[in-house]
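Before any comments, here is the structure.
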Amino acid sequence: MTHRIGVRELREKLSLFLESNETIEVTRHGQTIGFFIPVPKRPGQAQREALLEAGKRMDDELVRLGLQEDDLLEEFRQWRDQRSHAT
Numbered sequence: 001m002t003h004r005i006g007v008r009e010l011r012e013k014l015s016l017f018l019e020s021n022e023t024i025e026v027t028r029h030g031q032t033i034g035f036f037i038p039v040p041k042r043p044g045q046a047q048r049e050a051l052l053e054a055g056k057r058m059d060d061e062l063v064r065l066g067l068q069e070d071d072l073l074e075e076f077r078q079w080r081d082q083r084s085h086a087t
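As structure tokens, then:
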């Protein structure tokens, strides 16, 4: 099961979420902006299935938004480059 939280709550409780094995859907103003998918220390079948489900949800969200994975990756690279030049 995925836990849905806002960005503010993620920041406030980040250390707790990092210790958890729970997948987290992160939202901003009610809109999904990403997922935190922890890597299990000892992956079992349940964790593998959860990871596959998270990947499927990510694919579904890309389709819903009309985005292509390559376009999204390029936008992320540009954002990262702009961010690194700003500092």
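So for the sequence shown, UniProt numbering puts the first residue at 1; every next one is plus one. Beta carbons: idealized from backbone N, C-alpha and C, even for Gly.
- Listed in chain order, the non-local C-beta contacts of residue 22 below 6 angstroms within the same chain comprise 3, local neighbours out to five positions each way being set aside.
- Membership of residue 3 in the beta strand (DSSP E) is indicated by the continuous run 3-6.
- The alpha-carbon separation between residue 57 and residue 63 amounts to approximately 10 angstroms.
- Beta bridge pairing from DSSP links residue 34 with 26.
- In terms of Cβ geometry, residue 6 and residue 32 do not form a close pair [threshold 8 angstroms].
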